[in-house]
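Residue numbering for the sequence shown follows the working numbering, starting at 3 and increasing by one per position.
C-beta atoms are modelled at their ideal positions from N, C-alpha and C, and glycine is treated no differently.
In this text the structure is predicted, and so the values were computed from the model without any measurement.
Before any comments, here is the structure.
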Amino acid sequence: YIVSTSIIESQGMGLLEGMACGLKPVIHNFPGANQIFPSEFLFNISEEFCERILSDTYEPQKYRRFVEENYSLKNQLSKINDIFTQLEAEIDSQQNGNPADVGLSTEFPVSVFRNAIFENDKIV
């Protein structure tokens with residue numbers, strides 16, 4: 003098992019890493035957990051926690067596949083690239099291309115950050 007009893011959690015990289023290794027996730031339903039993990043992995047009260055632990059269901063391939071399909075490096079890089087694209091569009095449309103007008107440093111335009119991470123759509 004990979005267990006998280008945290009009432010305040012971020013994305014839970016350790017949880018995703020454990021799932022990628024085939025560990026069964028048992029996760030407290032912290033705020034936002036239902037946007038990251040399927041409800042079958044979540045518990046709200048101690049009785050639900052015990053049910054998850056005592057359940058005979060163990061599907062390591064399913065846990066790994068969930069991570070591969072939702073949090074692969076390719077997917078994450080695509081989301082980061084989308085954020086850069088959105089920032090560039092906001093800068094161009096709202097402030098005539100001046101990053102400082104939307105609170106970004108003029109020394110480092112968005113393209114500098116993007117180019118530091120991506121080169122020909124591949125991570126550097």
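Is the beta carbon of residue i less than 8 Å from the beta carbon of residue j?
i, j, result
"Leu-17", "Ile-9", "no"
"Pro-129", "Phe-43", "Lying before the first or after the last residue shown, residue 129 is absent from the chain, which here runs from 3 to 126."
"Ala-22", "Ile-29", "no"
"Phe-32", "Glu-53", "no"
"Leu-25", "Tyr-65", "yes"
Looking at the unbroken beta strand (DSSP E) that takes in residue i, where does it start and where does it end?
i, result
"Ser-6", "4–6"
Within 10 angstroms of its Cβ, does residue i collect 16 or more other Cβ (buried), or is it exposed?
i, result
"Ile-55", "exposed"
"Ser-41", "exposed"
"Ser-6", "buried"
How far does the alpha helix (DSSP H) with residue i in it extend, from its first residue to its last?
i, result
"Pro-2", "Absent from the structure is residue 2, since the part of the chain shown begins at 3 and ends at 126."
"Ile-55", "48–56"
Nearest to residue i by CA position, among the options, is which residue?
i, options, result
"Glu-71", "Ser-57, Ser-6 and Ile-38", "Ile-38"
"Gln-78", "Ser-6, Glu-90 and Met-15", "Met-15"
Which same chain residues, not among the five before or five after residue i, have their C-beta less than 8 Å away from its C-beta?
i, result
"Tyr-60", "Lys-26"
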